[in-house]
Every structure is written in C-alpha cells, then in structure tokens.
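Number 263 in the numbering used here belongs to position 255 of the sequence shown; there are no gaps in the numbering.
Yeah, the Cβ is synthetic: ideal placement off N, Cα and C, and Gly gets one too.
Since this is a predicted model, take the numbers as computed values, not measurements.
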Amino acid sequence: MTSTPVARPDEVRRYNRASLLRRLHLGGPSTRAELAGELGLNRSTIKALVDGLAGSGVVVERVPRPGRQAGRPSLLVLPQPEAAVVLAVDIQVEHVALALVGLGGEILGRNSWNLHRRTRTPTEVLTRITESTALLAADLGVRPAGCGVSVPGVVRRLDGHVHEAPNLRWSDVPLGERLAAVLDTRVVVGNDAELGALAEYLRGTAQGSGDVVFVSADIGVGGGVIAEGASLRGTTGYVGELGHMVVNPRGRDCYCGSRGCWETEVGEAAFCRALGLPEGSSRGTVRVELRELDATPELARSRLAELAEWLTLGLVNVVNLLGPELVVLGDLFTDLPDAVLDDVAGAVRQRSMVSRALGGVRVERSSLARDAKLLGAAEVAFEEIIDTV
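Encoded structure:
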C-alpha cells in the first residue's frame with residue numbers, strides 16, 4: 009500500500025496563515041469568530057495566527073465603530089496596508105496609470121500621465137514607470153514587494169512577454185523581464201481585460217459570481233473570462249481577444265487583417281461615428297456626449313441604435329459560447345446611457361439560447377470604473393507575495 013503524505017505542522021501553519029491573510033486582504037476587517045467560521049479553524053488556532061500576525065505588524069485589532077452589533081463588541085482584525093505593498097501599472101493606449109497598493113487593496117498613492125505617439129515606445133514607457141515609481145515610493149516611505157502590469161495586447165503570462173499590442177504599436181516586447189530588471193522585484197504582466205475581469209470578480213460588480221465575462225471598450229475591445237471562480241487564460245495566457253470576433257463580414261477592415269471585427273463596430277471609433285464626432289476625438293469628449301444623451305432616452309436610443317445592435321450581437325455570441333451568469337461592461341461601455349444599456353441587456357436575455365436556459369444572464373456596468381485594470385494588476389502581484397508576508 010502507498011501511504012498518504014502527511015503535511016508537517018510548519019506547512020500547515022504557513023497554509024493557515026496565508027489563508028487568513030487572503031481572507032482579510034479580500035474580505036476586509038473581521039472578528040476572530042468570523043474568521044474561524046469562514047476558514048473552518050478552531051478558536052485557538054485563529055488566536056495563535058492573529059497574535060503572530062499582530063506581533064509582526066501585519067494586522068491590528070480594533071474596537072468596531074458604534075452600531076455594528078449589540079452588546080459588548082468583538083475586536084475586529086484589520087490588515088495593515090503598509091505591511092505588504094505592491095506596484096500596479098495600467099498601460100493604456102492614451103495614458104499610463106500606476107499606484108502603490110497596500111494589503112487589503114488600499115491605494116496608498118498614485119500617478120498617471122498621457123501618452124503620445126513619441127512617448128509610446130517600450131523604452132519611454134519603462135523609463136517613466138521606473139522614475140515615477142521611485143518618486144512615489146520615496147514619498148510614501150515604502151518599497152513594493154511585487155509588481156503587476158496591465159497591457160492592452162496578447163501577453164504570455166509565463167514571463168510577461170508582450171507578443172503584440174497593436175494599438176500601442178508594440179511587438180515582441182520582453183516587458184516583464186525588462187521591468188523586473190530595473191525594479192528588482194517579481195513582475196507579472198497580464199492582458200488588460202483579463203485583469204479587469206479579475207478585479208471585478210474579487211472587488212467589484214462580479215463579487216459572488218463564479219462565471220463572469222468582462223468586456224471593455226476603448227480604442228479596441230477586450231474580454232476577460234472568469235470560469236468557476238478562476239481566470240480562463242488559454243494556452244500560455246493567450247485568451248480573451250473577443251474584439252476580433254468577426255460580426256460583420258462586410259464591415260470595416262481591422263488592423264488584425266480581418267474585416268468586420270467586433271471592435272470595429274463597438275470600439276472608440278464607432279462611438280465617435282455614432283455621436284457625430286471626428287474619429288480620434290478625445291476620450292473625455294466622447295464621455296461628455298454620452299452623459300448628455302443620458303437625459304434624453306429616445307434620442308440616445310436613436311443615435312446609438314446601430315452601435316447597440318452590434319454590441320448586442322457580440323454579447324449574444326459571447327453568452328452562447330461561454331455561458332456566464334454575469335457580463336460586466338467596462339471603460340467606454342460604462343458611459344452608455346441607461347436606456348441603451350437596459351435595451352442591450354434585455355435583448356441579450358431574449359436572444360441568447362444560453363441566457364434563456366439559465367433564466368437570464370445579467371449585463372451590468374463595472375463598479376470599479378477606470379480603476380478596474382489597475383486593481384487587477386495589483387491582485388496578480390499579491391498572488392505572488394501573499395504567502396511570504
């Protein structure tokens with residue numbers, strides 16, 4: 009007979025410690041009793057773990073605010089943000105945002121800057137990230153223990169190699185390797201929509217939903233998938249190019265070489281056409297126009313009718329293929345007028361066979377808005393370091 013391996017006590021303690029930290033990091037302050045119940049550990053084990061973490065300065069215990077519960081209040085265990093800090097970077101076509109994020113998901117400080125054609129080269133972006141991180145870390149008196157980066161392109165998760173980010177005009181960029189060398193820390197690079205999906209699942213609209221699709225629109229359109237509570241990454245991380253699903257064979261040429269890709273019909277250029285704006289108008293101008301339309305539902309439906317139909321068609325295909333319980337819309341889609349979004353959601357529920365079988369798929373806006381991909385980048389960095397805190 010083959011004996012079953014038995015975990016050593018120190019391995020069990022490390023596992024329990026990491027589980028407790030993950031619970032506090034994602035779930036927020038909790039009492040010892042709540043932690044014991046959720047983690048399935050006895051009170052003496054929880055006491056030993058909390059006491060050890062408090063002694064190391066990783067957590068603190070405080071009396072909750074008045075009104076949380078009747079009777080004598082139980083102390084809340086809170087993660088200390090400065091006990092573990094990661095660098096999160098969101099590289100987009102028009103700008104870069106970065107933040108130092110502490111344990112528990114608190115943004116301790118941030119910076120951002122616009123990108124122009126001459127400043128979009130990998131070297132320029134890497135240099136600015138390095139300089140900005142050094143200044144921000146010095147101001148806050150912290151040093152990031154890891155780094156997560158969001159990129160609008162096809163990324164190999166194994167080493168952070170950007171195979172292609174067409175709207176940035178990047179090709180075969182060893183981003184993870186180069187950034188790790190200058191920051192002297194572990195760097196994880198992911199596709200922006202995949203990280204947006206992760207953030208929505210852990211901290212946003214999709215909390216509590218196990219099967220989710222996140223679809224975002226800026227210059228391009230990207231998609232991220234959460235399947236049974238885990239990110240769907242495909243072979244070596246290449247998955248989620250929903251924007252290049254062909255929906256209109258007689259449509260516009262796409263830079264990928266196909267014609268009528270979804271992003272040619274619902275990306276930023278399509279928004280500009282629908283709103284009567286010159287292609288290349290600023291993102292802010294597009295957002296202002298969309299918000300003004302929100303006050304006149306019938307006009308919004310009329311002007312955005314074609315875009316809404318292409319959005320519906322693509323979402324029906326996505327729902328039929330992947331069968332999510334929830335679709336979360338990000339970036340420019342979050343600014344769709346309420347009437348248009350309601351019409352799209354209703355049409356997806358009616359026209360998708362899978363939606364009807366499930367009793368209806370929800371289509372909702374991102375609750376994290378512009379921070380979705382930044383927070384997703386932070387979470388993949390925390391995945392790498394939480395066991396070592």
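Here the alpha carbons of Glu287 and Tyr263 stand approximately 16 angstroms from one another. For Pro87, DSSP records a beta bridge to Val67.
Assigned with DSSP and collapsed to three states, Leu334 falls in strand. As the crow flies, the alpha-carbon of Tyr23 is around 32 angstroms from that of Val159.
Secondary structure of Ala107 (DSSP, three-state): strand. Restricting attention to alpha helix (DSSP H) runs no shorter than 4 residues, the stretch 96-145 encloses none. By the C-beta criterion, the stretch 98-115 is judged to be in contact with the stretch 132-141, since at least 3 inter-stretch pairs fall below 8 angstroms. Nearest in C-alpha terms to Leu86, of all of Val101, Cys269, Ala96, Gly113, is Gly113.
Shown here for Asn325: same chain residues with a beta carbon closer than 7 angstroms to its own, the five before and five after excluded, namely Met253 in chain order. Here Val255 is not near Gly354, since their CB atoms are 8 angstroms or more apart. Under the three-pair Cβ rule at 8 angstroms, the stretch 149-169 counts as touching the stretch 199-207.
Annotated as distal: Leu330 and Arg373, with beta-carbon spacing of 8 angstroms or more.
Apart from the 5 residues on each side of it in sequence, Asn50 sits with its Cβ closer than 7 angstroms to the Cβ of Ala44 in its chain, given in chain order.
The three-state reading of DSSP puts Asp59 in helix, counting H, G and I together. Just measuring C-alpha positions, the residue of Ala62, Leu83, Val66 sitting nearest Pro72 is Leu83.
Non-local beta-carbon contacts of Leu340 in its own chain, meaning distances under 7 angstroms to residues more than five positions away in sequence, involve Ala225, Asp226, Glu276, Phe279, Val294 in chain order. For Ser179, the secondary structure class from DSSP, reduced to helix, strand or coil, is strand. Between Leu111 and Val397 a beta carbon distance of about 7 angstroms is seen, short of the 8 angstroms cut, so the two are scored as contacting. Counted as a single uninterrupted DSSP element, the alpha helix (DSSP H) harbouring Arg22 occupies residues 17-35. By DSSP's assignment, Arg164 forms a beta bridge with His169.
If you look at Glu372, you'll find it in the beta strand (DSSP E) that goes 370-373. The residue among Arg70, Val352, Ala365, Ile393 with its C-alpha nearest the C-alpha of Thr320 is Val352. Each of Glu46, Gln88, Thr39, Ser52 was checked against the Cα of Gly63, and the nearest Cα belongs to Gln88. In this structure, DSSP gives Ile54 a helical state, which the three-state scheme calls helix.
Between Leu298 and Leu307, the C-beta spacing is not below 8 angstroms.
DSSP, read as helix, strand or coil, puts Asp261 in strand. Taking a contact as a CB-CB distance under 8 angstroms, the pair Pro152 and Val66 does not count as one, their CB atoms being some 16 angstroms apart. 8 angstroms or more divides the Cβ of Asp192 from the Cβ of Ala385. Residue pairing from DSSP places Gly156 in a beta bridge opposite Ala96, Val196. Counting of Cβ neighbours within 10 angstroms places Lys55 among the exposed residues, the total staying below 16. The distance from the Cβ of Val223 to that of Leu203 is about 14 angstroms, inconsistent with a contact at the 8 angstroms cut-off. In this structure Arg70 is exposed. Its beta-carbon is surrounded by fewer than 16 other beta-carbon atoms within 10 angstroms. For Gly251, the secondary structure class from DSSP, reduced to helix, strand or coil, is helix. Note on Thr131: under 16 other CB atoms within 10 angstroms of its CB, so exposed under the neighbour-count rule.
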